[in-house]
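In this note's numbering, the protein residues as written are 41 to 528.
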């Protein structure tokens, strides 16, 4: 099966597409720019969703759901917001079809035109803040901490499975606060939560930072981001958290009576991660033989394969081990499909990224042992059957830690400092990766660097130490380095 996958060294883009499609994550659909998320891919997304949802609830957030359709006039109320999304919006203009007079099929009924067009949500700030106007009256109603799991539509012209599609799944948090300080604290707290999830569950190391004014979310005062580095040396924006100030509260006249009995506009945040994380998962860990899934997110952490086929003794041993593994909260699958040979099953589970494979054969059982193989390093070990469950529990923890360590080492090895324009260009062209360099702080210079190199400022890292220097392009003074990279 691995022969069906294009090697990364030959064509990274095709390698990615091969992994996504052949490992059963997703496929193209009949609708241009949209994807079908297959059961294996959706199971991984559900694992992500469950963990993130619990993290949100543990920090006081609750789930709700808001309409898919947004009146066009709502987007007009926040000028920066509508400008940021205007070119990506899908618009509903009619509400009814009719049979064509010539019998050729169905056509839009011209008499069904809507009085006001509806926008298929690209994001939900406007519809939510219009609703919050009725929900918030006094400081006793705050903070309002709401998240929704939903789909959104952004009419992308150039699409790639998971990374950029016209429709995608995500969560979007929208919170309202009584003070500026509380809203900023919320924004930073969610950023830390995203970083924790990325590193502890996805085993994907990230850099936390704030976006430049040019790269901010439309309508935000500040946008915070986590940035990860993929195996081809390109960056992937993996989650954003926005401090919206009072912009949307003013646009929708959302006010509250504060403790001093005065009317004041509410302070806002919004934040989200999407199925783009699935693309990040693939490009952080997978190899030329298929998908590699961190154990904490794997639908099946362990698969048991009988050798050469199921037999009463093997079935008994497998069921005993399954009970022991499930007692330890380990997700296990017994692949006793007699229509497939063991070699095919091994290759299939390797392609699909199952972290641990156990082979149980009659000969091994006679010696009281089973063969355990780990997906990340392909190492195989004979382990006593009686102690296999405890061994596997530790092995899964080791795989999770090793994947993070390996990804972090790659990220660190691919992080550079550039002090001159020539050095900056050479690093980007020869190596790629993250490049820390000085920038003069102007949007003009930022855009000029992007035009010349296709590299963007991914963020101004939060842990950035002050450092006097000169902008790599203009030579003007700079007080700190920012993080550049070519990106998805």
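Backbone N, C-alpha and C define an ideal beta-carbon position, used for all residues, glycine too.
- request: Would you check if the distance between the CB atom of residue 428 and the CB atom of residue 400 is smaller than 7 Å?
  value: The sequence position of residue 428 within the chain shown is 388, counting from 1. The sequence position of residue 400 within the chain shown is 360, counting from 1. No.
Where residue 153 falls, given that 16 or more other Cβ within 10 Å makes a residue buried: Here residue 153 corresponds to residue number 113 of the chain shown, with the count starting at 1. So residue 153 counts as exposed.
query: With a Cβ-Cβ cutoff of 7 Å, do residue 396 and residue 410 count as a contact?
result: Indexing the chain shown from 1 puts residue 396 at position 356. Indexing the chain shown from 1 puts residue 410 at position 370. Cβ distance not < 7 Å, so residue 396 and residue 410 don't count as in contact.
query: If residue 110 sits next to residue 176, beta carbons under 8 Å apart, how far is it from one beta carbon to the other, in whole angstroms?
result: What you label residue 110 is simply residue 70 of the chain shown in a count that begins at 1. What you label residue 176 is simply residue 136 of the chain shown in a count that begins at 1. At roughly 20 Å, the Cβ-Cβ gap does not stay under 8 Å, so residue 110 and residue 176 are not in contact.
task: Go ahead and label residue 104 buried or exposed: buried means 16 or more other beta carbons lie within 10 angstroms of its beta carbon, across all protein chains shown.
output: Indexing the chain shown from 1 puts residue 104 at position 64. Classification for residue 104: exposed.
field: CB contact below 7 Å: residue 202 versus chain D
entry: Going by chain labels, chain D is absent from the structure shown, which holds only one protein chain.
- request: Name the one or two DSSP bridge partners that residue 425 has.
  value: On the chain shown, residue 425 is found 385 positions in, with the first residue counted as 1. According to DSSP, which records beta bridges pairwise, residue 425 is partnered with nothing at all.
query: Mind checking residue 183: buried by the 16 CB within 10 Å criterion, or exposed?
result: Numbered from 1 along the chain shown, position 143 holds the residue referred to as residue 183. Residue 183 should be labelled buried.
query: Mind checking whether residue 205 and residue 75 have CB atoms under 7 Å apart?
result: Working through the chain shown from its first residue, we reach residue 205 at position 165. Working through the chain shown from its first residue, we reach residue 75 at position 35. Yes.
- request: Go ahead and label residue 384 buried or exposed: buried means 16 or more other beta carbons lie within 10 angstroms of its beta carbon, across all protein chains shown.
  value: In the chain shown, counting from the first residue as 1, residue 384 sits at position 344. Residue 384 should be labelled exposed.
- prompt: Using 8 Å as the threshold, is the segment 342-362 in touch with the segment 302-311, meaning 3 or more CB pairs across them?
  reply: no
- prompt: Is the CB-CB distance between residue 328 and residue 45 below 7 Å?
  reply: As a position in the chain shown, residue 328 is number 288, starting the count at 1. As a position in the chain shown, residue 45 is number 5, starting the count at 1. Yes, Cβ-Cβ distance for residue 328 and residue 45 is below 7 Å.
task: Using alpha carbons as the reference points, say which of 335, 386 and 287 lies closest to residue 370.
output: Within the chain shown, numbered from 1, the residue matching residue 370 stands at position 330. That would be 335, whose Cα lies nearest to the Cα of residue 370.
- request: Specify, as a first and last residue, the run of the beta strand (DSSP E) that residue 521 falls within.
  value: Here residue 521 corresponds to residue number 481 of the chain shown, with the count starting at 1. That run of the beta strand (DSSP E) goes 521-525.
message: Please return the same chain residues whose Cβ sits closer than 8 Å to the Cβ of residue 471, not counting the five positions on each side in sequence.
response: Counting from one through the chain shown, the residue named residue 471 turns up at place 431. So the qualifying residues of the chain are 273, 454 and 456.
task: Keeping to the same chain, check which residues put their C-beta closer than 8 Å to that of residue 338; ignore five residues upstream and five downstream.
output: Counting from 1 along the chain shown, the entry for residue 338 is found at position 298. Excluding positions up to five away in sequence, the list reads 84, 87, 371, 393, 394 and 395.
- prompt: Should the segment 93-108 be called in touch with the segment 129-145, which here means at least 3 C-beta pairs below 8 Å?
  reply: In this structure the segment 93-108 does not lie against the segment 129-145, because fewer than three pairs of beta carbons, one per stretch, are closer than 8 Å.
Helix, strand or coil at residue 167 according to DSSP, with G and I counted as helix: Along the chain shown, read from residue 1 onward, the residue named residue 167 stands at position 127. In the structure shown, residue 167 sits in a helix (DSSP, three-state: H, G or I).
- prompt: Would a C-beta distance cut-off of 7 Å place residue 288 and residue 212 closer than the cut-off?
  reply: Your numbering for residue 288 matches position 248 in the chain shown. Your numbering for residue 212 matches position 172 in the chain shown. No, the pair does not count as a contact, with Cβ atoms beyond the cut-off.
task: Note down, in chain order, each residue of its chain lying with its Cβ closer than 6 Å to the Cβ of residue 520, except the 5 sequence neighbours on either side.
output: In the chain shown, residue 520 corresponds to position 480, counting from 1. Cβ neighbours of residue 520 beyond the five flanking positions: 504, 506 and 507.
message: Shorter than 6 Å, the distance from the beta carbon of residue 458 to the closest heavy atom of the ligand PLP, or not?
response: The model depicted lacks the ligand PLP and carries no ligand whatsoever.
- prompt: What residue does the beta strand (DSSP E) around residue 374 start on, and which one ends it?
  reply: Position 334 of the chain shown, counting from 1, holds the residue named residue 374. It spans 372-374 - the beta strand (DSSP E) in which residue 374 sits, taken as one unbroken run.
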